[in-house]
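Have a look at the structure below before the remarks.
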Amino acid sequence: MALATGIGSMPGTDFAESLRIVLDTVGDLPYVPELPARGVHAGMIGRTLAVLEGLEADLQPDGWRVGVGEGGDIRRARSLLAQDLDLAEEMTQEHTGPIKIQITGPLTLAATVERPRGDKMLADHGARRELSQSLAEGLRSHLADVRRRFAGSEVIVQVDEPAITAVLAGRVPTASGWGSHRTVHPPEADALLRGVVEVIIDAGARPVVHSCATDVPVELLAGAGFTAISFDLGLIRPDDVWAETFEKGVDLWFGVVPSTDTAISHKALVERIQTFFGHFGFGEETYDGRLVVTPTCGLAGASPQWAGDALAAAQSVADRR
113 MALATGIGSM PGTDFAESLR IVLDTVGDLP YVPELPARGV HAGMIGRTLA VLEGLEADLQ
173 PDGWRVGVGE GGDIRRARSL LAQDLDLAEE MTQEHTGPIK IQITGPLTLA ATVERPRGDK
233 MLADHGARRE LSQSLAEGLR SHLADVRRRF AGSEVIVQVD EPAITAVLAG RVPTASGWGS
293 HRTVHPPEAD ALLRGVVEVI IDAGARPVVH SCATDVPVEL LAGAGFTAIS FDLGLIRPDD
353 VWAETFEKGV DLWFGVVPST DTAISHKALV ERIQTFFGHF GFGEETYDGR LVVTPTCGLA
413 GASPQWAGDA LAAAQSVADR R
């Protein structure tokens, strides 16, 4: 048996309608959607900043900045998150299976959010550590609230790290645009990620990581304690590290359904997954029950019709239809 779910974002501004589509299409593993069309307050960064503990953030002309005091923008982000969780709690009262929420991981957050005097948090070792600790502590309280709301469900926390490859490779540009921030080396990256993973596990939830980047650092993510890796199958090479990681118990979530309007063959998508596993000599009996099918990335850029169709396609591929 395989499951299907979405990455996180959906098009439009109607949260109730987006969640209804999620429940109708991938109801065995639904997720609390993000609707960035409502503004930056509702996007992946704003939603994550809303749960930080001890670091206040506000929106500046160049984007989100921490350490500048609480402003109206972060209050708006917190309000939207609370409203969405209220509605999700109401709409999922009959649901008893797993349910997924999403947060932005510490490396991508550091590569996106600015320090009080400008430039990214990524630029300073102490700032990176402080941001990760604030995220971990805020997530602890957030998960207590989430688990109370969805008491009958296993909570899955998807940690989004789209920028992780760029951070590890030193490819995140500085504010001037003339250079790049220095590489964050694997031991530090491991520590930043591990602090978040441990909070998720301590809360009785399951940590999953998603990255729609090339050269996903599989060993690093598995070593940090994530129990599954979600990725875009079209962007990775079937290196042996994937097989070794899978054999060690880390599940694989395959992003195979296009995230924007595209003609697809469900059979062809099934075959792509089978080909990946077949490369390592794994038959269906090996991965049955450990496979989750998703779109390649979030669906914020899709048409409303395709958002529903993409999730339905993911479920069809999971059912091998």
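If you're matching positions, the sequence shown starts at 113 in the numbering used here and goes up one per residue. Ideal Cβ positions, reconstructed from N, Cα and C, are used throughout, including at glycine. Since the model is a prediction, treat every value here as computed from it, not as a measurement.
Put residue i into one of helix, strand or coil per three-state DSSP.
i	result
Asp140	coil
Asp314	helix
Glu356	helix
Val322	In the sequence under discussion, the amino acid at residue 322 is His, which differs from the Val named in the question. In this structure, His322 counts as strand in the three-state DSSP scheme.
Ser121	strand
Ala116	strand
Thr408	coil
Glu146	strand
Ala425	helix
Leu131	helix
Ala101	One cannot answer for residue 101 here, as it falls past the ends of the chain, which runs 113 to 433.
Leu167	coil
Do you know whose CA, among the options, lies nearest residue i's CA?
i	options	result
Arg150	Ala169, Leu167, Val138, Asp126	Asp126
Ile186	Leu197, Glu165, Gln205	Glu165
Ala128	Phe343, Leu305, Leu197	Leu197
Arg252	Gly413, Gly158, Val163	Val163
Phe235	Leu219, Thr372, Gln245	Rather than Phe, the amino acid found at residue 235 in this sequence is Ala. For Ala235, the nearest C-alpha among the options comes from Leu219.
Val138	Met122, Gly118, Lys232, Gly124	Gly118
Leu147	Leu135, Leu131, Met122	Met122
Gly410	Ala169, Gly184, Gly390, Asp373	Asp373
Gly273	Val144, Pro319, Ile133, Leu381	Reading off the sequence shown, one finds Glu at residue 273, where the question assumed Gly. When only C-alpha atoms are compared, the closest one is Pro319.
Pro455	Leu305, Thr204, Gln195	A question about residue 455 goes unanswered here, because the residues of the chain that appear run from 113 up to 433.
Ala200	Pro173, Asp170, Pro145	Pro145
Ala422	Ala375, Asp400, Phe394	Ala375
Ser428	Asp140, Arg132, Gly124	Asp140
Gly264	Ala275, Thr204, Gly250, Val321	Thr204
Leu333	Ala412, Gln270, Asp136, Thr160	Gln270
Asp302	Ala336, Ile276, Arg132	Ala336
Phe343	Gly155, Leu135, Ala275	Ala275
Gly124	Asp431, Ser415, Leu347, Val152	Ser415
Ala340	Leu347, Glu331, Gly346	Glu331
Ala419	Leu167, Ser130, Val362	Ser130
Ser244	Leu161, Glu206, Thr277, Arg294	Leu161
Ser377	Lys232, Val362, Ile348, Ala424	Ala424
Arg294	Glu397, Lys232, Gly183	Lys232
Gly250	Phe394, Phe338, Leu167, Leu135	Leu167
Thr277	Asp327, Val134, Glu310, Gly183	Asp327
Gly307	Leu364, Glu182, Gly413, Ser246	Ser246
Asp400	Asp363, Ile268, Ala426	Asp363
Phe392	His153, Arg349, Glu266	Arg349
Should residue i go down as buried or exposed, given a rule of 16 or more other Cβ atoms within 10 Å for buried?
i	result
Met113	exposed
Glu226	buried
Ala281	exposed
Gly158	buried
Ala248	buried
Gly390	exposed
Pro228	exposed
Pro142	buried
Thr216	buried
Ala380	exposed
Thr357	buried
Thr224	buried
Lys360	exposed
Thr208	exposed
Gly155	buried
Gly346	exposed
May I ask you to check if the CB of residue i is nearer than 7 Å to at least one heavy atom of the ligand COA?
i	result
Leu167	For the ligand COA, the structure offers nothing, since it holds no ligand at all.
Point to revise | In chain order, each beta strand (DSSP E) run of at least 3 residues that lies wholly inside the region 171-227 | key: 175-178, 211-216
**Study point:** Segments assigned alpha helix (DSSP H), at least 4 residues, entirely inside the region 239-291
**Key:** 276-281
Practice item. Would you check if the region 232-241 and the region 187-202 touch, i.e. whether three or more CB-CB distances between them fall below 8 Å? Key: no
Point to revise | Three or more C-beta pairs below 8 Å linking the region 273-292 and the region 245-265 | key: no
Point to revise | Uninterrupted alpha helix (DSSP H) stretches inside the region 334-382 (no shorter than 4 residues) | key: 352-359
Review point. Three or more beta-carbon pairs under 8 Å between the region 353-361 and the region 309-320, yes or no?
Key: no
Exercise for review: Spell out a yes or no on whether the region 290-299 and the region 376-391 are touching, meaning 3 or more CB-CB pairs, one atom from each, closer than 8 Å.
Suggested key: no
Review point. So, do the region 211-219 and the region 165-179 have three or more beta carbon pairs nearer to each other than 8 Å?
Key: no
Review point. Counting Cβ pairs, one atom from each stretch, are 3 or more of them under 8 Å apart for the region 399-406 and the region 366-377?
Key: yes
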